[in-house]
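Participant: Heads up: the sequence shown begins at 1058 in the numbering used here, then just goes up one per residue.
Ideal Cβ placement from N, Cα and C applies to all residues, glycine included.
Just so you know, these numbers come straight off a predicted model, no measurement behind them.
Quick one: the structure is below, and I'll ask about it shortly.
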Amino acid sequence: MSRRSLPPFPLADTTPFTQWATAIGLCWLGVGLFALVLTPVPAHTLASGWSPTFWLVLAPACALLGLRLRAG
1058 MSRRSLPPFP
1068 LADTTPFTQW
1078 ATAIGLCWLG
1088 VGLFALVLTP
1098 VPAHTLASGW
1108 SPTFWLVLAP
1118 ACALLGLRLR
1128 AG
């Protein structure tokens, strides 16, 4: 079974939508990590549970993973 190799810059062969969605997802992930690490945003609260962590980190990570899986 042969292993498919990826090009050195996999975003170079994608559509403009995928490039924009990846850029937005990376910005969202960076800002979310910044908010969790350097500001007093709690990762877990009694009122909302793990919702802050999900919306700041896990949601953009899932979106980026979905784009990666879609690209093949």
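(1) Do Gly1089 and Leu1113 have their C-beta atoms closer together than 8 Å?
(2) Near Pro1099, which residues of its chain fall below 7 Å by C-beta distance, leaving aside the five closest residues on each side in sequence?
(3) Ala1120 and Gly1082 - do their beta-carbons sit closer together than 8 Å?
(4) Apart from the five residues on each side of it in sequence, which residues of its chain come closer than 8 Å, Cβ to Cβ, to Leu1124?
(5) Roughly how many angstroms separate the alpha carbons of Pro1073 and Phe1111, rounded to a whole number?
Facilitator: The relevant details are as follows:
(1) To locate residue 1089, count along the sequence shown from 1; it is residue 32. To locate residue 1113, count along the sequence shown from 1; it is residue 56. Going by C-beta atoms, Gly1089 is nearer than 8 Å to Leu1113.
(2) Sequence index remark: in the sequence shown, residue 1099 carries index 42 (1-based). Once the five neighbours on either side are set aside, the close Cβ partners of Pro1099 are Pro1109.
(3) The sequence position of residue 1082 within the sequence shown is 25, counting from 1. The sequence position of residue 1120 within the sequence shown is 63, counting from 1. The answer is yes: Cβ separation under 8 Å.
(4) Counted from its first residue, the sequence shown places residue 1124 at position 67. Thr1075, Ala1078, Thr1079 and Gly1082, listed in sequence order.
(5) As a working note, residue 1073 is residue 16 in the sequence shown. As a working note, residue 1111 is residue 54 in the sequence shown. If I take the Cα positions, the gap works out to 27 Å.
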